[in-house]
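There are 2 protein chains.
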Amino acid sequence: MATREVEFWYEFASTYSYPASMRADRLAAQAGVKLVWKPFLLGPIFAEQGWNDSPFNIYPAKGANMWRDLKRICDAEGLKLTLPPHSFPQNALKAARLAIFGERSGWTPEFSRLVYRANFAEQKDISDEKVLRGILAALNLDADAAMAAAETPEIKSRLRRQSEEAKARGIFGAPSFTVGDELFWGNDRLNEALAWAKRG
Amino acid sequence: MATREVEFWYEFASTYSYPASMRADRLAAQAGVKLVWKPFLLGPIFAEQGWNDSPFNIYPAKGANMWRDLKRICDAEGLKLTLPPHSFPQNALKAARLAIFGERSGWTPEFSRLVYRANFAEQKDISDEKVLRGILAALNLDADAAMAAAETPEIKSRLRRQSEEAKARGIFGAPSFTVGDELFWGNDRLNEALAWAKRG
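So the protein sequences, as listed, match chains A and B. Residue numbering for the first sequence follows our numbering, beginning at 1 and increasing consecutively. Residue numbering for the second sequence follows our numbering, beginning at 1001 and increasing consecutively.
Now the structure itself:
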């Protein structure tokens, strides 16, 4: 059978999505697998599980281990990680709408990597319009046009539908990877997802 | 610095501790690292987080992914996994006390692997004294003596202290691996823990 694509489900507030976003395109290219970036919102899924905060905040031992584990991963990958974070989890709604809007012109991956860097390496507030405009400008995009487009009913609705699709497909955390109906959860399952796609 | 030992913290009801128990000694030997098996009880730690059941039961999407992920891992490692499980999570108290008792004579690793196999491959009830006696007999041990010793105040207290030590060291799930103060959570972090120990 032909190699299938891997869908990369990510949320801008998600810590492990940061190293995933930095290596996903490279590893997919090495594997010869097409990677499709799927921004979504995890908040509504968490809320349905009774969490109104990140489980890493709700369960302190789990959170302490996550930050330490993330630091080890970032060190191993040569990625800057500034701790403690500016705030966690950050509100990612505007950034996610921009990422959805970017799909049309193909700048979603590059934009998303810059948002993750702003969040986890540069201690910036990614809900701040100025920060988002700076990222758009760094990509030589028309920030005014993008900010306006991201607030249209069409884009809002596309993000909502994508988040509903995530939930319907059994996604409960980020990053997640899907190959057809096969779900892989976590940055540490990326290679497994790519291998699964190559099985066709 | 000299290579340090890795402590392998496991709980018999823990799903990912099954593949971990089957490969931990082999990988540690390949890495030239001493591995110390540390049975403990996760129930009290979960209870303090407000969970009176496994989070894999409390959060169905997480649970569905875990069973699928575990099946992929067991398939890749050539391990039998029989689903759905006989019951989950199983009561592991008696088995954990036996594992503590076995430390004195050194049969804890071998005993533990057989308990995991009974639980996850053979659909047996590991809280059933007959099942545990069968495992002890398979190891050519005196089952009567072991069962009696496992219920002494000394062994009960050692298991309690080991579980309290796990919590004090920041452990919140199983399997976990520690190298001094460095904590690694999950079967998928075993190689990283071994590499950390080799750094000395």
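For every residue, glycine included, the Cβ atom is placed at its ideal position computed from N, Cα and C.
Residue(s) in a DSSP beta bridge with residue i
| i | result |
| --- | --- |
| residue 1011/B | Bridge partners of residue 1011/B: none, in fact. |
| residue 182/A | 179/A |
| residue 1037/B | 1008/B |
Nearest neighbour of residue i, chosen from the options [CA to CA]
| i | options | result |
| --- | --- | --- |
| residue 1049/B | 39/A, 63/A, 198/A | 63/A |
| residue 81/A | 128/A, 16/A, 126/A, 183/A | 16/A |
| residue 123/A | 11/A, 90/A, 66/A | 90/A |
| residue 1039/B | 1110/B, 1180/B, 1075/B | 1110/B |
| residue 1118/B | 1184/B, 1187/B, 1079/B | 1079/B |
| residue 171/A | 183/A, 160/A, 179/A | 183/A |
| residue 1161/B | 1026/B, 1041/B, 1199/B | 1041/B |
| residue 51/A | 1099/B, 1052/B, 1059/B | 1059/B |
| residue 155/A | 12/A, 3/A, 97/A, 37/A | 97/A |
| residue 1074/B | 1116/B, 1151/B, 1055/B | 1116/B |
| residue 147/A | 177/A, 6/A, 95/A, 193/A | 95/A |
| residue 1072/B | 1092/B, 1019/B, 1088/B, 1086/B | 1019/B |
| residue 7/A | 129/A, 57/A, 14/A, 193/A | 193/A |
| residue 85/A | 178/A, 12/A, 120/A, 181/A | 120/A |
| residue 189/A | 112/A, 177/A, 14/A, 199/A | 177/A |
| residue 9/A | 187/A, 55/A, 197/A | 187/A |
| residue 13/A | 83/A, 87/A, 77/A | 87/A |
| residue 1092/B | 1107/B, 1150/B, 1077/B | 1150/B |
| residue 1076/B | 1175/B, 1022/B, 1011/B | 1022/B |
| residue 1056/B | 1173/B, 1035/B, 1157/B, 1114/B | 1173/B |
| residue 1108/B | 1003/B, 1144/B, 1025/B, 1197/B | 1025/B |
| residue 11/A | 131/A, 175/A, 159/A, 200/A | 175/A |
| residue 1035/B | 1005/B, 1053/B, 1054/B | 1005/B |
| residue 1099/B | 1181/B, 1158/B, 1199/B | 1158/B |
Cβ distance (whole Å) where residue i is taken to contact residue j below 8 Å
| i | j | result |
| --- | --- | --- |
| residue 191/A | residue 27/A | 7 Å |
| residue 1127/B | residue 1037/B | Incorrect: roughly 20 Å between the Cβ atoms, too far for contact. |
| residue 197/A | residue 3/A | 6 Å |
Examine the Cβ distances between the segment 1163-1174 of chain B and the segment 1043-1059 of chain B and report whether three or more of them are shorter than 8 Å. yes
Tell me the start and end of each unbroken alpha helix (DSSP H) in the segment 104-147 of chain A that is at least 4 residues and wholly inside, in chain order. Fully contained in the segment 104-147 of chain A are the following alpha helix (DSSP H) runs of length 4 or more, in chain order: 108-120, 129-138.
I'd like to know if the segment 1131-1151 of chain B and the segment 1018-1035 of chain B are in contact, where contact means that at least 3 CB-CB pairs between them fall below 8 Å. no
Between the segment 65-75 of chain A and the segment 95-114 of chain A, are three or more C-beta pairs nearer than 8 Å? no
Completely contained beta strand (DSSP E) runs for the segment 1030-1101 of chain B, where each covers 3 or more residues: 1035-1039
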